[in-house]
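Notes follow the structure.
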Amino acid sequence: MNLRDIAFKNLLRRKAKALFVLAGLAIGVSTVVALISFVDAMTRNINHKLEKYGANILIVPKTENLSLTYGGLSLGGVSFEMREIREQDLSRIRSIKNAANVAGLGPMVFGVVSVEGKRVLLAGVDFEANWILKPWWKIDGAAPGEKGVVLGSETAAVLGLNQGSSVSIKGGEFVVSGILKQTGSQDDQLIFMPLKTAQSILNKEGLVSMAEVAALCKDCPIDAMVGQISEVVPGAKVMAIQQVVKGRMEALAQFKKFSYGVSIVVVLVGSLVVLVTMMGSVRERTEEIGIFRAIGFRKSHVFKIVLLEAGFISAAAGI
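Whatever position you read off the sequence shown (first residue = 1), add 1 for the working numbering.
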């Protein structure tokens, strides 16, 4: 009979204690595995949700002027001619090193128009890309066709227009295909129409006022992407929306720290349970150990028997 057989038979003779330790370890192992799996799934889910927040990189024309607005509040009457970005330059973004991380690219063109005797900001957008960049958009109605527009909620209220109303813009007749539900952003105060149509009536064919990029950046370096885009669109200023990026990273870091911390605590508690139980078992088996020593077992043999018992229980708990 070898040491392994002796250790196994000792466990069979002390089934109650062995089962107690086994249950404790099994609960600990299950807790750690479940917690890490949960946090891993939660991390992926959070990252997926955060990516749906929309654009996290902005591309705007370079300018030497400083903006005199904050939170939508204008603090001065300074005005200047808006420079534009060539639309064809934006197509190069699809060729950058991290192009696979570009989930959506939405060019936009802006211009001030007169509607119903009021000056309103008109925005030409790529609606297909806009659903990726702004998934929170909800439209009462439908996306506009070539001769359609979508009104922001505030714009519709001020102009007194509804879905199906006709509106004259720059001498052209358009139909209100939908009303954008309130977003709490500047979008509520705009008129939206397809990009090509807006470029035509604003005499800005081939030009865009800005572009938004939604980057899937779980593993990609956002700063590197900003640099890569700046290289292929030299006439533009490329900025990362730091609040989105930092918020994403901080959220993921907090979840990971929490999971690791709890896992360490569970492992320590499980280790203490095994240690205390085995120490108690050794004290209770003083007579048995004395017999082992009397028949020629060395201290190392007795120690191996105890370790084998702990190993059997731990292996069973892990399985």
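Where a beta carbon is used, it is the ideal one built from N, C-alpha and C, also for glycine. Fair warning: this is a prediction, and the values are worked out from it, not measured in the lab.
In its chain, beyond the 5 residues on either side, ILE180 have a beta carbon closer than 6 angstroms to the beta carbon of ALA157.
Nearest C-alpha to VAL234 among PRO145, GLY271 and ILE94: ILE94. Taking the Cβ atoms as the reference, VAL150 lies roughly 15 angstroms from MET109, outside the contact range of under 8 angstroms. Counting the other Cβ atoms within 10 Å of the Cβ of MET280 gives fewer than 16, which makes it exposed. Here the C-alpha atom of THR198 lies approximately 38 angstroms from the C-alpha atom of ASN46.
In this structure, the CA atom of GLY125 is about 11 angstroms from the CA atom of VAL113. Leaving aside the five residues that flank LEU91 on each side, the residues in its chain whose CB is nearer than 8 angstroms to its CB run, in chain order, ILE60, LEU106, PRO108, VAL209, ALA212 and VAL234.
The three-state secondary structure of LEU162, taken from DSSP, is coil. The way I'd put it, the region 126–145 does touch the region 168–179; three or more beta-carbon pairs between them come closer than 8 angstroms. DSSP links PHE193 through a beta bridge to ALA124 and VAL151. Secondary structure at GLY228: helix, using DSSP grouped into helix, strand and coil.
For ILE265, the number of other beta carbons within 10 angstroms of its own is below 16, and it is reported as exposed. VAL116 and SER169 have their C-alpha atoms roughly 7 angstroms apart. Under the three-state reduction of DSSP, SER115 is assigned to strand. Looking at the DSSP output, PHE259 shares a beta bridge with no other residue. The three-state reading of DSSP puts ALA254 in helix, counting H, G and I together. Nearest Cα to ASP188 within the set ASN131, PHE298, GLU206 and LEU26: ASN131. Within the same chain, Cβ atoms closer than 6 angstroms to the Cβ of VAL40 are found at PHE256 and SER260, the five residues on either side in sequence being excluded. Straight-line spacing of the CA atoms in ILE296 and LYS305 works out to 16 angstroms. Check the Cα spacing between MET226 and each of ALA100, VAL30, THR44 and ILE86: the tightest is with ALA100.
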